[in-house]
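Here's the structure we're looking at; comments come further down.
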Amino acid sequence: MNIYLDSYPSFGSDDCEALRILLRQVIRPSCRVLEIGSWLGTGSTRVIIEELLVIPDAKLYCVDTWMGSPNVARHLAIAEEYDVVATFRHNVNIAGGSGIVRQLIMNSDDAADIIGSDTFDLVFIDGDHSYEQTRNDIKIWRPKVRSGGILCGHDCECRPHGALRERILSAVNSDSITGVGTSFSAIHPGVILAVDEAFGGSAHLWSEDVMQRSDGTTGRATIWDVVISK
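As structure tokens, this is what we get:
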């Protein structure tokens, strides 16, 4: 069993704080949270576990193929050399989440087929970042969130407007491109366009809010969110 133990930077401190704030708006006894794209279990997975540990009967459902995103070379390299499923379970155990996490080793569509509507208090989308898959994930998981719950996701750095629009439209099947013209070193065009279209530009983008850090500096998160109303 070859576990991947090196660092894997993919979820910054500002994103962690934004996700914690969203979770605290909806978590309650017996709450249910679902994550699309859990990968190594060291990013958003750990944040969610930490928030749910103090909530009675809370559960986190983690959906992933654990084969890596096909358009992310570093994912494929790790999946080829290491036991990614074992790595995920190892990291969940270290975080204290073995009694909380329910692992679903399947793609997003198959998972949605076996889960009923209005099941979750929060769904976090961070899987394949291509436009088509992000759009599909939003479509199939939106009905799974209860009224008043939150549908949210990662890596939506801006809106597809102005001078950025042409660059975004030309790269919607890429995982990421350089973030020239934004506050970020890289942006994820497929996510940006899919989120904008799915909600008619009304999704809340944390990238548009300045976050105050504990050390006195400021930052911006890449989380997007929508409160579901039915």
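Residues 42 to 271 in the numbering used here are what the sequence shown spells out, letter by letter.
Just so you know, even glycine gets a beta-carbon here, dropped at the ideal spot from N, CA and C.
At the level of alpha carbons, what is the spacing between residue i and residue j?
i    : j    : result
D256 : D154 : 45 Å
S51  : H195 : 10 Å
I96  : I68  : 8 Å
V113 : R65  : 31 Å
A127 : W107 : 10 Å
G242 : D159 : 24 Å
E92  : E121 : 32 Å
L101 : T223 : 33 Å
L234 : R130 : 33 Å
Y49  : H116 : 10 Å
P111 : T219 : 19 Å
G53  : A262 : 8 Å
N134 : R87  : 10 Å
A136 : C193 : 22 Å
S79  : I166 : 9 Å
S217 : T175 : 13 Å
Kindly indicate if chain B contains any beta-carbon less than 9 Å away from that of residue i.
i    : result
E198 : Absent from the structure is chain B; it holds one protein chain and no more.
Give the secondary structure of residue i by DSSP, where H, G and I count as helix, E and B as strand, and everything else as coil.
i    : result
D250 : coil
Y45  : coil
T106 : coil
F52  : coil
L94  : coil
T263 : coil
T99  : According to the sequence as given, residue 99 is Ala; it is not Thr. Three-state result, A99: coil.
E76  : strand
I272 : Here the chain covers residues 42 to 271 and nothing more, so residue 272 does not appear.
L60  : helix
I135 : helix
I269 : coil
L145 : strand
Am I right that residue i and residue j are in contact with their C-beta atoms under 8 Å? What's the rounded C-beta distance?
i    : j    : result
I269 : G168 : At roughly 19 Å, the Cβ-Cβ gap does not stay under 8 Å, so I269 and G168 are not in contact.
L229 : E207 : In the sequence as presented, Leu is not what sits at residue 229; that position holds His. So it is not a contact: roughly 16 Å between Cβ atoms.
N43  : D105 : So it is not a contact: roughly 18 Å between Cβ atoms.
Task: Stretch pair the region 90–107 + the region 202–211: three plus CB contacts closer than 8 Å - done: Short answer: they don't touch.
TODO: Could you pull out every unbroken beta strand (DSSP E) segment of at least 3 residues lying fully inside the region 158–182, listed in chain order?
DONE: Positions of the beta strand (DSSP E) runs, each at least 3 residues long and wholly inside the region 158–182, are given as 161–166 in order along the chain.
Task: Residue ranges of each alpha helix (DSSP H) within the region 186–232, 4 or longer - done: As far as the region 186–232 is concerned, its whole alpha helix (DSSP H) runs of at least 4 residues are 206–210.
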